[in-house]
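Below is one structure, written out as structure tokens, with a few remarks after it.
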Amino acid sequence: MATPSQVHELGSDQSSTQPSDLTQTDGDRGSTIPIHEYPSDLEPGTDSSDVGSSDSDSALGSAALSSTMSLRTSIYNYIEENGRTYHAYNSGKYMLPNDEREQDRLDLQHHSFKIMLDGALHLAPLRNPERVLDLATGTGIWAIEFAQEYPHAHVIGTDLSPIQPEYLPPNCKFQVDDAEEDWSFGSPFDYIHARAIVTCFRDNRAMAQKIFDNLEPGGYFELQDPCLPAVSDDGSMDGTALGEWNRLLVEAMARIGRDLTASQKWGQHLREVGFEDVTEHRIYCPVNSWPKGQKNKLLGALSLQNLDEGIESMSKAAFARILGWSGERIEGFLADVRKDLKNRKIHAYGVMYFVYGRKPATPQVPR
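The following block contains the structure:
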């Protein structure tokens with residue numbers, strides 16, 4: 031009989047555990063799939079502390095150089111829109127910008143993820159992975175740190191934008207690629223990682239299948255992803271600009287096939303395509319430093335800084351291209367949203383999903 035999962039309290043400075051019935055049954059195998067819950071009972075804080083050669087060779091060389099330069103131009107010729115820049119490769123697929131402001135935000139977001147995991151880069155129980163893939167790598171900061179932590183691993187990071195640094199660990203490299211297109215890496219991976227991809231893909235189950243097909247037997251996939259919209263248990267977000275922003279963003283992205291609630295469905299997708307030992311963790315992250323507990327306050331302060339910049343990153347293209355809003359209307363609305371983000375009387379939080387599963391070490395026999 032399966033034992034219940036443990037609930038780790040984040041509502042106070044002291045960690046505690048208690049039994050929970052939060053389990054899911056995998057209908058195919060009859061096993062119990064644990065969901066480790068980091069609970070939502072965040073309590074508002076009462077204190078005021080915040081954390082805060084030959085002619086022919088020459089001709090061939092010139093042609094190759096011209097082709098290479100043309101490719102580089104197509105990749106680096108970023109799209110400018112409403113004061114932000116966006117990826118040029120397969121332009122329009124991803125709604126968030128790639129400029130320096132966004133890169134700084136992504137690096138801050140990386141720090142928040144690590145705090146949630148007490149400094150860890152991953153939850154999957156890895157054993158000396160040799161080939162590692164980081165999907166939608168962004169600035170590449172996760173891939174670089176992973177390569178440093180696992181110096182014998184060969185780490186590849188892919189993204190639509192070539193915004194990663196030039197000076198890298200010798201076992202890390204990046205390439206411009208669209209993960210929704212055919213993969214041509216040659217050899218399978220021991221570990222595939224993806225983070226903050228909720229706005230990236232139209233068909234997450236198809237992506238789960240592609241990931242499964244490109245893993246070595248016994249290899250792991252891990253997802254770390256937010257789920258929108260943000261919520262407030264006490265109704266304090268109702269009728270606010272922050273609540274309306276959440277609603278509009280979910281609506282806009284749904285129109286182009288991006289389900290912002292998709293993170294909560296990844297565990298199911300992994301089991302459906304054949305992963306075993308699928309484990310799900312949920313961590314509740316406040317949007318500012320309203321709750322009790324120093325870790326919650328730190329996460330809230332980082333979340334506020336992330337969202338203060340991020341609401342523009344997430345909104346400008348989506349609201350302009352999909353909802354038809356003018357730049358002026360977007361700016362005015364976001365000013366009200368930012369006021370709500372800083373309001374500690376609004377007890378809003380986001381749910382972060384951490385999901386991993388293992389590809390069976392031996393081929394499964396069809397029943």
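So in the numbering used here, spot 45 of the sequence shown is number 75, and the numbers just go up one at a time. Even glycine gets a Cβ: it sits at the ideal position worked out from N, Cα and C.
Residue of the options minimising C-alpha distance to residue i
i      : options                           : result
Val261 : Val317, Arg368 and Lys372         : Val317
Ala154 : Asp264, Met283 and Gly248         : Gly248
Pro256 : Pro390, Lys325, Asn107 and Phe384 : Phe384
Asp212 : Lys240, Gly287 and Lys322         : Lys240
Ala391 : Phe242, Ala347 and Asp264         : Phe242
Val367 : Trp355, Ile341 and Asp207         : Ile341
Ile286 : Asp338, Arg351 and Gly170         : Arg351
Asn107 : Glu339, Pro192 and Ala209         : Pro192
Glu310 : Glu246, Gly149 and Tyr386         : Tyr386
Asn244 : Arg114, Phe305 and Leu353         : Phe305
Ile360 : Ser345, Leu163, Arg374 and Asp370 : Ser345
Leu253 : Phe219, Ala284, Leu329 and Val308 : Val308
Arg157 : Glu179, Asn128, Asp148 and Thr169 : Glu179
Assigned secondary structure, residue i (DSSP; H/G/I helix, E/B strand, else coil)
i      : result
Asp286 : The displayed chain sequence assigns Ile, not Asp, to residue 286. Residue state, collapsed to three classes: coil.
Met237 : helix
Val228 : coil
Leu198 : coil
Phe305 : coil
Asp435 : Because the chain here runs from 31 to 397, residue 435 falls outside it and cannot be looked at.
Asp164 : strand
Ser96  : Note that Ser96 scores 46 on pLDDT, short of 50, meaning its location in the model is unreliable; the coordinates nonetheless yield the value given after this. Residue state, collapsed to three classes: helix.
Pro390 : coil
Pro159 : coil
Gly317 : The amino acid occupying residue 317 in the given sequence is Val; Gly does not appear at that position. Residue state, collapsed to three classes: coil.
Leu353 : coil
Ile376 : coil
Asp129 : coil
Phe242 : helix
Gly265 : coil
Phe251 : strand
His141 : helix
His299 : helix
Close beta carbons around residue i, own chain, < 8 Å, minus the five adjacent residues each side
i      : result
Gln335 : Leu138
Thr167 : Ala173, Gly187, Thr188, Asp189, Gln194 and Phe204
Ile171 : Leu136, Asp137 and His140
Leu329 : Ser142, Ile145, Met146, Cys315 and Pro316
Pro181 : Pro199 and Asn201
Contacting residues, own chain, Cβ-Cβ under 7 Å from residue i (five flanking each side not counted)
i      : result
Ala177 : Ala183, Val185, Pro199, Asn201 and Cys202
Ile376 : Ser262, Ser266, Met267, Thr270, Leu272 and Asp370
Arg277 : Pro259
Counterpart residues of residue i in DSSP-defined beta bridges
i      : result
Asp189 : Val206
Glu361 : Looking at the DSSP assignment, Glu361 forms no beta bridge with any residue, so it has no partner.
Arg277 : Note: Arg277 sits in no beta bridge, so no partner.
Pro256 : Met382
Pro74  : Pro321
Ile109 : Tyr116
Tyr221 : Val162 and Tyr250
His152 : Paired residues: none, contrary to the question.
Whether residue i touches residue j by CB criterion (8 Å)
i      : j      : result
Leu190 : Glu175 : no
Pro74  : Trp320 : yes
Ala238 : Val303 : yes
Gly357 : Cys315 : no
Arg161 : Ser214 : no
Val228 : Leu258 : yes
His299 : Arg235 : yes
Pro159 : Tyr116 : no
Leu165 : Ala226 : no
Tyr250 : Arg135 : no
Ala365 : Glu111 : no
Close Cβ partners of residue i (< 6 Å) along its chain, the five nearest in sequence each way excluded
i      : result
Glu132 : Ser343
Leu332 : Ser142
Arg59  : In this predicted model, Arg59 has a pLDDT of only 35, less than 50, meaning its place in the structure is not dependable enough to derive any value.
Trp355 : Phe349
Arg288 : Thr229
Glu246 : Pro218 and Asp220
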